[in-house]
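J.:
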Amino acid sequence: MILASGLAKSYTVRHGRKRLQVDAVSDASFEVAEGEIVSFLGPNGAGKTTTLRMLTTLTGPTSGSARVADHDVVTQSQTVRRQIGYVSQGGSTGGFAKAGDEIVDRAMLYGLDASTATRRARALLERLDLADVWARVPRSLSGGQRRRLEVAMGLVHEPRLLFLDEPTAGLDPQARSNLWGHIRDLRERYGMTVFLTTHYLDEADALSNRVIVFDHGRVVTADTPDRLKEQIAGDLVEMEVSAPEQLDAAVRILEKSTADQPSVTGLRVVGRVPRAGPLLPALTRELDMFDVELVSLEVRRPTLDDVFLTLTGSLLRDSR
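When the letters of the sequence shown are read in order and numbered with my numbering, they come out as residues 327 to 646.
See below:
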């Protein structure tokens, strides 16, 4: 459904009297199969939205190529647009037209007649739990309702592939969970391919068949969430010390038992060990011997955040 090969995008910006080249995307190479939900995971500024804009024909690549729905995004852009739906991060609602009319108008832009457009609009609002908002102005809706309305607008022409750019950004937990259910439904009931950008690790874990980790304008890795987490074997020991001067001692003590060099973020030290259970008594005794005061000590299984840390050297939540 998507085949990207070496996609790159550069911009020229002014810095005083100089003109500098900025590489927003340097190497986006990946595939998405029909019927998958794929999360494009990375921090803000990684180049996710720029990549999405190239795949949806809104901007041309500086180099590289991509085929979407079996068509080239540069030479067959009009055909690509008829095959895809796109819900941007900023949204496309908010005028004074009624919610139902907004969907009908969008459908007619794709060449549907008024009767077909109205029928599809009503069916979509029903499917997305928005049947009672037809006559309401979008700006009067909640954030979650507006986002679902935008999804309806992206689906009204029945695309093969739906692009979602940060679909739950700014939504409260209940609205996020609700939208997740509707996104899953698109694949499970209708077989739709969904490609979404996100910087929420729980979102990528909950929704995706596969995750593409993207950082600094390039693909770092791609696999299923479970396989990515399996790359980090063993248990993770995470401890928080009470003062910065205790960090060196905490790292020295923990690294005696870890497979890798422990990572430090703020006052937190994280290390991966084969089995945490037998280790903890000796670890806490030695920390006490060196006057390392712990605020917290936790043992857990790896998460996608740990995968991102291992692959990029930083926690995703700290890189936004």
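Each residue gets a CB set at the ideal place from its N, CA and C atoms; glycine is no exception.
Tell me whether E360 sits in a helix, a strand or coil according to DSSP, three-state version.
T.: Counted from its first residue, the sequence shown places residue 360 at position 34. Looking at E360 - three-state DSSP - the assignment turns out to be coil, as it is neither helix nor strand.
J.: Just how far apart, CA to CA, sit V459 and M434?
T.: The residue given as residue 459 occupies position 133 in the sequence shown. The residue given as residue 434 occupies position 108 in the sequence shown. If you take the alpha carbons of V459 and M434, they lie about 20 Å apart.
J.: If you drop the 5 nearest sequence neighbours on each side, which residues of the same chain put their C-beta closer than 8 Å to that of K555?
T.: By one-based count along the sequence shown, residue 555 stands at place 229. Around K555: R627, P628, T629, L630, D632 and V633.
J.: Which one or two residues does DSSP pair with A548 in a beta bridge?
T.: For the purposes of this step, residue 548 is identified with residue 222 of the sequence shown, where counting begins at 1. BP columns for A548 point to I538.
J.: Let me make sure I understand the geometry here. Which of I538, H483 and V567 has the alpha-carbon closest to that of G373?
T.: In the sequence shown, the residue the question calls residue 373 occupies position 47. Here the closest residue by C-alpha is I538.
J.: List the DSSP bridge partners of L346.
T.: For the purposes of this step, residue 346 is taken as residue 20 along the sequence shown, with counting starting at 1. Answer is V339, bridged to L346.
J.: Could I get the ranges of all uninterrupted alpha helix (DSSP H) runs contained in the stretch 549 to 605, with 4 residues as the minimum, in chain order?
T.: Listed in chain order, they are 551 to 556 and 573 to 581.
J.: Which same chain residues end up closer than 7 Å to R646 when comparing Cβ atoms and leaving out the 5 residues on each side of it in sequence?
T.: Indexing the sequence shown from 1 puts residue 646 at position 320. Residue placement at R646 cannot be trusted, given a pLDDT of 47 that sits under 50; the coordinates are not used to answer.
J.: Taking the C-alpha atoms as reference points, what is the distance between G560 and L623?
T.: Residue mapping note: residue 560 aligns to position 234 of the sequence shown, counting from 1. Residue mapping note: residue 623 aligns to position 297 of the sequence shown, counting from 1. Going by the C-alpha atoms only, they are around 17 Å apart.
J.: Need the endpoints of the beta strand (DSSP E) that A392 sits in, please.
T.: In the sequence shown, counting from the first residue as 1, residue 392 sits at position 66. Segment S389 to V394, the beta strand (DSSP E) holding A392.
J.: Under the three-state reduction of DSSP, which class applies to F366: helix, strand or coil?
T.: On the sequence shown, residue 366 is found 40 positions in, with the first residue counted as 1. Here F366 sits in strand by DSSP.
J.: For M327, tell me which candidate among V599, V394, V400 and D586 has the shortest Cα-Cα distance.
T.: Your numbering for residue 327 matches position 1 in the sequence shown. Out of V599, V394, V400 and D586, V394 has the C-alpha closest to the C-alpha of M327.
J.: Would you call the CB atoms of L490 and V413 closer than 8 Å?
T.: Numbered from 1 along the sequence shown, position 164 holds the residue referred to as residue 490. Numbered from 1 along the sequence shown, position 87 holds the residue referred to as residue 413. It is a contact, given that the beta carbons lie within the stated cut-off.
J.: With V633 as the anchor, note down where its alpha helix (DSSP H) starts and where it stops.
T.: Within the sequence shown, numbered from 1, the residue matching residue 633 stands at position 307. Here the alpha helix (DSSP H) through V633 covers L630 to T638.
J.: Only counting the same chain, and skipping five residues up and downstream in sequence, which positions put a Cβ closer than 8 Å to that of T338?
T.: As a working note, residue 338 is residue 12 in the sequence shown. Taken in chain order, the residues that qualify are R345, L346, Q347 and V348.
J.: Among E357, T382 and K424, which residue has its Cα nearest to the Cα of T545?
T.: For the purposes of this step, residue 545 is identified with residue 219 of the sequence shown, where counting begins at 1. The sequence shown places Val at residue 545, rather than the Thr named in the question. Nearest option by C-alpha distance: E357.
J.: Looking only at DSSP bridge pairs, what is R626 linked to?
T.: Residue numbering aside, residue 626 sits at position 300 when the sequence shown is read from its first letter. The partner list for R626 (beta bridge, DSSP) reads L562.
J.: Taking 6 Å as the limit between beta carbons, can you name the residues of its chain near L454, skipping five residues before and five after?
T.: Within the sequence shown, the letter at position 128 stands for residue 454. Closer than 6 Å at the Cβ level, and outside the excluded window around L454, lie R474, A478 and H508.
J.: What does DSSP give as the partner residue(s) for H397 in the beta ladder?
T.: Position 71 of the sequence shown holds residue 397. Beta-bridge pairing links H397 to V394.
J.: Which residue marks the beginning of the beta strand (DSSP E) containing Y412, and which one marks its end?
T.: Locating residue 412 in the sequence shown gives position 86, counting from the first residue. It spans I410 to V413 - the beta strand (DSSP E) in which Y412 sits, taken as one unbroken run.
J.: Pull the bridge partners of I328 from the DSSP assignment, please.
T.: Residue mapping note: residue 328 aligns to position 2 of the sequence shown, counting from 1. V358 and V394.
J.: Measuring only the C-alpha atoms, how far is L333 from T550?
T.: Counted from its first residue, the sequence shown places residue 333 at position 7. Counted from its first residue, the sequence shown places residue 550 at position 224. Cα-Cα distance, rounded: 22 Å.
J.: Leaving aside the five residues before and after T377 along the sequence, list all residues of the same chain whose C-beta is less than 6 Å from its C-beta, in chain order.
T.: The residue labelled residue 377 in the question sits at position 51 within the sequence shown. So the qualifying residues of the chain are V351 and A354.
J.: Suppose the cutoff is 8 Å on Cβ atoms and the five residues either side in sequence are ignored; what does the same chain contact list for S365 look like?
T.: Here residue 365 corresponds to residue number 39 of the sequence shown, with the count starting at 1. Answer for S365: L522, T523, T524, E529, A530, L533, S534, R536, V537 and I538, listed in chain order.
J.: Using alpha carbons as the reference points, say which of V520, R340 and A457 lies closest to P485.
T.: The residue labelled residue 485 in the question sits at position 159 within the sequence shown. That would be V520, whose Cα lies nearest to the Cα of P485.
J.: Excluding five sequence neighbours on each side, which residues of the same chain lie with their C-beta closer than 8 Å to the C-beta of D644?
T.: Residue 644 sits at position 318 when you count from the first residue of the sequence shown. Any answer about D644 is weak, because its pLDDT of 48 lies below 50 and its placement is not dependable; what the coordinates show is given next. T591, listed in sequence order.
J.: In three-state terms, what does DSSP make of T375?
T.: In the sequence shown, the residue the question calls residue 375 occupies position 49. Residue state, collapsed to three classes: helix.
J.: Please state whether DSSP places D351 in a helix, a strand or coil.
T.: Position 25 of the sequence shown, counted from the first residue, corresponds to residue 351. In the sequence as presented, Asp is not what sits at residue 351; that position holds Val. Correct three-state label for V351: strand.
J.: With a Cβ-Cβ cutoff of 8 Å, do D302 and T638 count as a contact?
T.: For the chain, the structure presents residues 327 to 646; residue 302 sits outside this window and is missing.
J.: Whole angstroms is fine: what's the gap from V567's alpha carbon to T610's?
T.: Your numbering for residue 567 matches position 241 in the sequence shown. Your numbering for residue 610 matches position 284 in the sequence shown. Taking the straight line joining both Cα atoms gives about 12 Å.
J.: If we ignore side chains and look at the alpha-carbon of each, how far apart do L481 and G411 end up?
T.: Here the question's residue 481 lines up with position 155 in the sequence shown. Here the question's residue 411 lines up with position 85 in the sequence shown. Roughly 6 Å separates the two Cα atoms.
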